[in-house]
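Protein chains in written order, with the working numbering: chain A, 1 to 292; chain B, 1 to 526; chain C, 1 to 306. Note that the Cβ used here is the ideal one computed from N, Cα and C, for glycine as well. As the structure is a computational prediction, the values presented were derived from the model and not from experiment. Here the structure comes first, spelled out in structure tokens, and everything after it is commentary.
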Amino acid sequence: MTDTSPDTTAGAPAIRRLSVRKHLGFMIGAGILGAIVLVAVFAPLIAPHDPYAQELALRLKPPFWHDGAEPGYLLGTDALGRDYLSRMIYGARISVALSFGAILISGLIGITLGMVAGYFGGWVDTAISALITTRLSLPVVLVALAIVSIVGGSLTVVLLVIGLLLWDQFAVVARTATMKLRNAEYVASAQAMGASRFHILTAELLPNISAPLIVVATVEMANAVLIEAALSFLGLGVQAPLPSWGLMLSEGKNFMFFSPWVITLPGLCLFFLTLSINLLGDGLRDILGARR
Amino acid sequence: MTLDTTAAAGAITVRDLHVRIGEVHAVRGIDFTLSAGRTLALVGESGSGKSMTALALMGLNPPGARVTAERLALDDGTTPQNARGDRIAMIFQEPMTALNPVFTIGDQLCAVYRRHRGGSMRAARERAVELLDRVGVPSARTRLGQYPHMMSGGQRQRVLIAMALMCEPDFLIADEPTTALDVTTQVKLLDLLAGLRDEFGLGMLFITHDLGVVARIADDVAVMKHGEIVETGPCARVLTAPEHSYTRSLIDSLPQPVPPTAHDGAAPVLSAHGLGRVYPPRGMFGGTPFRALTDASLSLSKGEVLGIVGESGCGKSTLARILIGLDRPTEGRVELGGEDMRNLPQKLRARRIQPVFQDPFGSLNPSWTIRRILDLPLRLHTQLDTSARKARVLELLKDVGLPERAAEATPRALSGGQRQRVAIARALAAEPQILICDEPTSALDVSVQAQVLELLRGLIRERDLSMVFISHDLAVVQAICDRVIVMDLGRIVEESATDRLFAAPRHARTQALKDAVLELPDTGTT
Amino acid sequence: MLGFLFRRSLLALFVVFAISVITFVLSHVAVDPATGIAGDSATDADLAAIRVQYGFDQPLMTQYAGYLADLARGDLGRSYLSGEPVGQIIAERVPATALLACLSLLFALGIAIPLGVLAALHANSWLDRMALTLAVVGQAVPNFWAGLLLILLFGIKLGWLPISGSDSLAHFILPAITLGSFAMPALMRLVRAGMIEVLEADYIRTARAMGLGEGQILFKYALRNAVLPVISLTAVQFGFMLGGSIVVESIFAVQGVGYLAWQSMSRSDMPVIQAIVLLISMIYILLTLFADLANAALDPRIRSKA
Chain A
1 MTDTSPDTTA GAPAIRRLSV RKHLGFMIGA GILGAIVLVA VFAPLIAPHD PYAQELALRL
61 KPPFWHDGAE PGYLLGTDAL GRDYLSRMIY GARISVALSF GAILISGLIG ITLGMVAGYF
121 GGWVDTAISA LITTRLSLPV VLVALAIVSI VGGSLTVVLL VIGLLLWDQF AVVARTATMK
181 LRNAEYVASA QAMGASRFHI LTAELLPNIS APLIVVATVE MANAVLIEAA LSFLGLGVQA
241 PLPSWGLMLS EGKNFMFFSP WVITLPGLCL FFLTLSINLL GDGLRDILGA RR
Chain B
1 MTLDTTAAAG AITVRDLHVR IGEVHAVRGI DFTLSAGRTL ALVGESGSGK SMTALALMGL
61 NPPGARVTAE RLALDDGTTP QNARGDRIAM IFQEPMTALN PVFTIGDQLC AVYRRHRGGS
121 MRAARERAVE LLDRVGVPSA RTRLGQYPHM MSGGQRQRVL IAMALMCEPD FLIADEPTTA
181 LDVTTQVKLL DLLAGLRDEF GLGMLFITHD LGVVARIADD VAVMKHGEIV ETGPCARVLT
241 APEHSYTRSL IDSLPQPVPP TAHDGAAPVL SAHGLGRVYP PRGMFGGTPF RALTDASLSL
301 SKGEVLGIVG ESGCGKSTLA RILIGLDRPT EGRVELGGED MRNLPQKLRA RRIQPVFQDP
361 FGSLNPSWTI RRILDLPLRL HTQLDTSARK ARVLELLKDV GLPERAAEAT PRALSGGQRQ
421 RVAIARALAA EPQILICDEP TSALDVSVQA QVLELLRGLI RERDLSMVFI SHDLAVVQAI
481 CDRVIVMDLG RIVEESATDR LFAAPRHART QALKDAVLEL PDTGTT
Chain C
1 MLGFLFRRSL LALFVVFAIS VITFVLSHVA VDPATGIAGD SATDADLAAI RVQYGFDQPL
61 MTQYAGYLAD LARGDLGRSY LSGEPVGQII AERVPATALL ACLSLLFALG IAIPLGVLAA
121 LHANSWLDRM ALTLAVVGQA VPNFWAGLLL ILLFGIKLGW LPISGSDSLA HFILPAITLG
181 SFAMPALMRL VRAGMIEVLE ADYIRTARAM GLGEGQILFK YALRNAVLPV ISLTAVQFGF
241 MLGGSIVVES IFAVQGVGYL AWQSMSRSDM PVIQAIVLLI SMIYILLTLF ADLANAALDP
301 RIRSKA
């Protein structure tokens, strides 16, 4: 009397799990991001020069494909005669460390708030929802700038400020997903079995809402990169002489009419980093079957 | 095998129809003829290809499906795609989502009429009112201005039937149109459809999984399995003297009444006294509190199976949640072996009473393996060490008739029936005395349902379990329960031994439920 | 409907209150307002005098109550630098930012809606792939970099458009494109995803089964449902654009609120900064409130809830 028929029962969710290797966007994104992370980790080994060493005689030398390029300075130099390639390599460290650090903070805050709101409902949900709405109403860049202008710019401050601001989407998504699953019968079974709330939240619910949260994490990572760059670009983020890509754009914009590479190159770095994170996120969305 | 081609006024002829979706050959060369004024039922279990056939007949295949046929046309050679909404119409299973939520009923009905017949809005509205009246939607004229979400499922299905009939089609294709509805609504709709067929001389193709529905409405029946028609013929003949073994097994799988056992006198293991549940109004202001349950009392003896029946919204699921301890009553109390459940710690309660739910897809955590799912209750409620728990998991699987290798699978890899077995094993792991089963077989195919019922009966006998069995289906209740409680509008309206309840129903609701049981013609073979 | 309106307004009111606390903390607690008013060269005695004069020696709750009372009267304080009323300073800058934001939104929606619908109708075609690529690339370009590149190309190389200031409508073209292209991808993807989802809905199948025309199904039955979430996102994106205007305005020297915010930050002019944060948050709250009301007006299900 065992029924071992294959799963043909009505409503069986036909989950098309795309193979990771077949997803072109995901592979490209993972490839670029992997390369950037490697460059960031091994920056001291790769960089041909000290990124802070100024050689005033060699100011604004163009990259190798232009006339007048300086041998040994592959991508030229900036207005203070610092090797541009080395600065860009060290810049990867700032963007990578900052984006990972920021989403760790914001993910922890947002997922906790969202799951608690979604699971308990009632006045807890009302209060947390109001908090989320308040956060959404604040213009991120403006508030971040204001805080940095008061506290003073440094990598740690920028990381903390961004981490404390970008939790809203984590909370929104975790809340909705938790609400959807809160009444699932496997949750009711665990409750009826006498399992603790902590067990239900972390073991029953969290693994099942992780797919959309991973996608949110990639979106917010890209956001963190862009916000740091914007803050540094406006002069209220990471402070000189640190080689942040946004700061390099800011320093370069006065020279861009005659030496356009000083802005195109760091911009391209930012673009490829954000692009790779977005591609990775879109790929994960398809592969994990997550819908936002 | 083909049906008699009654050369009536019109017919849709289907010859050698194939539907392929990717690698899956869903429909494998079937033939049938749909004649005016007659109902052909296409019956089969899930995955048999019956819905694909219906969609192919309308030219509504899902993207990626390839349809081929030697012939698929009306008598004059018109293809169904060109006759859609005009000469052939279709109604679907899910009335809740089948109407556009942002347009009024009137707009949607009139759009169909004016698309095919043109004319003024006024003429279309008159036609809509006339048909809504005919299909039994009360105060039809005011309904035109209403939106779908303001109506019940049964009402929406009636609106869809009216929409299908706007242009007086010759053929109506109905894909499980009553499956999502309450049983009493189902009979009313079946009778309505039969009446409309006779009145308009409709040729009706009726897709269903339910042999009772077939007996009620069909003239001819075609039984489908794995994309093929295995048996076809007049309804009365196929249901009473099936020729194919599959048809016979479907009929044999229908739940059969078993004589109830009386358990009078024994001390109750579970009892409820004057339970009530009032939900506070939603939102911060206004609204009225909702009363889901009123003065419900019951008792369950050792070894007894108590059925609770009623239609959706009657309060039976609220009662179940309170008995399991997932919800608290606002009035009354539950006693477990004479102790007030409120004074019982959560874990002690869990050791005595465990639930089995309806949805085999929602009741198991999709991220976990079966081993981990069954291990949780053992970890919470026993002192067994890891290896002992491992062995116990395999024993549990054996008890519910699953192979050992199921332990390493995730729920996704199992069929609906297998998942329900896992859910039963999980409930048994803490060795409770009482099982609360909320519609445990409603989502299953009839042959799987028979197996799960058999399993439950066996477990009750072997382990001397007591069980509360909640269902909307009186036939299933008859097959397993000793005593039955009938609920209506949050109250218990009748209670008696199962056989007596069916022989002499006292309450009008019981009578209505009994009348809604769709029986096969008496065969004397089972 | 009234209950919905009431609850929604109550939430908005709470958020306004919470934001006012945040801006109060920014301007009165995180920095010493006395130093701001007196300037860096002030002696301790000057500072003490100012604290008494402005009430900064009072308990924080009293100061906050005064702050709220001033806000209610429309008094946003005075700039530390010029001494002019902040309300007046900002009011002068609002038209430029409003024009920039509206043009950007027009640009974003003008591309997002047609492209999103077309991509959904031809899912997985080359057009769809192109639209998705555009969205992915658009989302990855830092908008200040895009602004600089546009300046290089259209302003310097081609010399077609002015690159700095806000004197004529032409001055707004490059900033609007920069800002709009930042909001476009999300909107486009939502239109596309919404349209695809709606086209798979049961009621669209019903409409097909009833033989309705494809045009009627797409542009009446489907689009009406698909546009509902787009309204909310448009409001949200408009809010983001106001916030993002600080970057774009500073690049193109558009004399708007964002440029003012940046100038004030480099000079630590706290009264102006907190007022701008307050203003943009208020506008965001109003916009999302309007979007919710618009959704309620278009979706009978929301209308009849409570």
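**Request:** In angstroms with no decimal places, state the Cα-to-Cα distance between LYS50 of chain B and HIS25 of chain B.
**Result:** 13 Å
Next item on the list: Please go through the same chain and pick out, in chain order, the residues whose beta-carbon is closer than 8 Å to the beta-carbon of GLY239 of chain C, but skip the five residues on each side of it.
Entry: ILE280, ILE283, TYR284, LEU287 and THR288
message: Tell me the DSSP secondary structure of CYS481 of chain B in three-state form.
response: Residue state, collapsed to three classes: coil.
Across which residues does DSSP place ARG267 of chain C in a beta bridge pair?
DSSP lists no partner for ARG267 of chain C.
* **Same chain, Cβ closer than 8 Å to ILE128 of chain A, neighbours up to 5 away in sequence not counted** => Contacts found: LEU113, GLY114, VAL116, ALA117, ALA171 and ARG175.
Residues bridged to THR204 of chain B [DSSP beta-bridge criterion]
A small correction: the amino acid at residue 204 of chain B is Met; Thr does not occupy that position in the sequence shown. DSSP, once it has assigned bridges, lists B:THR39 and B:LEU172 as partnering MET204 of chain B.
query: Counting pairs of Cβ atoms below 8 Å between the segment 63 to 80 of chain A and the segment 42 to 55 of chain A, do you hit three or more?
result: As far as the Cβ criterion goes, the segment 63 to 80 of chain A touches the segment 42 to 55 of chain A, which means the pair count is three or higher.
Any beta carbon from chain C within less than 8 Å of ASP125 of chain A's own beta carbon?
No, ASP125 of chain A lies away from the interface with chain C (no Cβ there is under 8 Å from its Cβ).
### Task
May I have the straight-line CA-CA distance separating THR208 of chain B from VAL446 of chain B, to the nearest angstrom?
If I take the Cα positions, the gap works out to 12 Å.
| task | Identify the continuous alpha helix (DSSP H) that holds GLY276 of chain B and give its terminal residues. | result | That residue, GLY276 of chain B, is in no alpha helix (DSSP H); its beta strand (DSSP E) goes 268 to 279.
Give me the Cα-Cα distance between LEU3 of chain B and THR13 of chain B, rounded to the nearest whole angstrom. Caution applies to LEU3 of chain B, whose pLDDT of 42 falls short of 50 and renders its modelled position unreliable; the value that the coordinates give is listed next. Straight-line Cα distance between these residues: approximately 10 Å.
Measuring alpha carbon to alpha carbon, tell me which of B:ASP31, B:VAL213 and B:HIS273 ends up nearest ASP340 of chain B. Closest option to ASP340 of chain B, judged by alpha-carbon separation, among B:ASP31, B:VAL213 and B:HIS273: B:HIS273.
query = If you draw a straight line from the alpha carbon of LEU213 of chain A to that of ILE105 of chain A, how long is it in whole angstroms?
reply = 14 Å
| query | Taking any Cβ of chain C, which residues in the segment 268 to 279 of chain A have a Cβ under 9 Å from it, in chain order? | reply | Taking a C-beta cut-off of 9 Å against chain C, the contacting residues of the segment 268 to 279 of chain A are LEU268, LEU270, PHE271, PHE272, LEU273, THR274, LEU275, SER276, ILE277, ASN278 and LEU279, listed in chain order.
message = Going residue by residue through the segment 3 to 46 of chain C, where are the continuous alpha helix (DSSP H) segments of at least 4 residues, counting only ones entirely within it?
response = 33 to 38
### Task
Per DSSP, which residues does PHE258 of chain A bridge with? Please list them.
According to DSSP, which records beta bridges pairwise, PHE258 of chain A is partnered with nothing at all.
To the nearest angstrom, how far is the alpha carbon of ALA40 of chain A from that of ALA184 of chain A?
43 Å
Checklist entry - Listed from N- to C-terminal order along the chain, which residues in the segment 114 to 137 of chain B have their beta-carbon within a distance smaller than 7 Å of any beta-carbon of chain C? => result ARG115 and HIS116
- Query: Using DSSP with H/G/I as helix, E/B as strand and the rest coil, what is LEU279 of chain A?
  - Reply: helix
Review point. Within the 8 Å Cβ cut-off, does GLU295 of chain A reach chain B?
Key: Since the displayed chain A opens at 1 and closes at 292, residue 295 of chain A lies outside it and no answer follows.
Check: Is GLY235 of chain A near LEU380 of chain B, with beta carbons less than 8 Å apart?
Finding: no
**Message:** For GLU381 of chain C, which residues in the same chain have their Cβ closer than 6 Å to its Cβ, ignoring the five residues on either side in sequence?
**Reply:** The first residue shown for chain C is 1 and the last is 306, placing residue 381 of chain C beyond what the model contains.
Using a beta-carbon distance below 8 Å, is ASP282 of chain A in contact with chain C?
-> Yes, its Cβ sits closer than 8 Å to a Cβ of chain C.
Review point. For the segment 42 to 112 of chain B, which segments carrying the alpha helix (DSSP H) assignment without a break, of at least 4 residues, lie completely within its bounds, in sequence order?
Key: 50 to 58 and 80 to 83
| task | Can you say whether LYS180 of chain A is buried or exposed, counting buried as having 16 or more other CB atoms within 10 angstroms of its CB? | result | exposed
message: Counting only Cβ-Cβ distances shorter than 7 Å, please list the residues of the segment 127 to 141 of chain A near chain C, keeping chain order.
response: ALA130, THR133, THR134, SER137, LEU138, PRO139, VAL140 and VAL141
query: What is the DSSP secondary structure of ALA170 of chain C, reduced to helix, strand or coil?
result: helix
| said: Let's see if you can read the secondary structure: which residues bound the beta strand (DSSP E) around LYS225 of chain B? | reply: 220 to 225
In or out: TRP261 of chain A buried (at least 16 other Cβ within 10 Å) or exposed?
In the assembly as shown, TRP261 of chain A is a buried residue. Its beta-carbon has 16 or more other beta-carbons within 10 Å.
On a CA-only basis, which of B:LEU165, B:ALA54 and B:ARG156 is nearest ALA222 of chain B? Give me that one, please.
B:ALA54
**Study point:** THR261 of chain B, DSSP secondary structure in three states
**Key:** coil
Open item on the list: Using the three-state DSSP reduction, which class does THR382 of chain B fall into: helix, strand or coil?
Closed with: Here THR382 of chain B sits in coil by DSSP.
Can you tell which of C:GLY244, C:ALA112 and C:ALA170 has its C-alpha closest to the C-alpha of ALA186 of chain C? Comparing Cα-Cα distances from ALA186 of chain C to each of C:GLY244, C:ALA112 and C:ALA170, the minimum goes to C:ALA112.
request  = Ignore the nearest five residues each way along the sequence and tell me which others in ALA14 of chain A's own chain have a CB closer than 8 Å to its CB.
outcome  = Note that ALA14 of chain A scores a pLDDT of 36, beneath 50, so its modelled location is shaky and nothing firm can be said.
query: In whole angstroms, what separates the C-alpha of THR432 of chain B from that of GLN354 of chain B?
result: For clarity, residue 432 of chain B is Pro in the given sequence; the question names Thr instead. Whole-angstrom Cα-Cα distance: 6 Å.
**Request:** In angstroms with no decimal places, state the Cα-to-Cα distance between GLY110 of chain A and ALA97 of chain A.
**Result:** 20 Å
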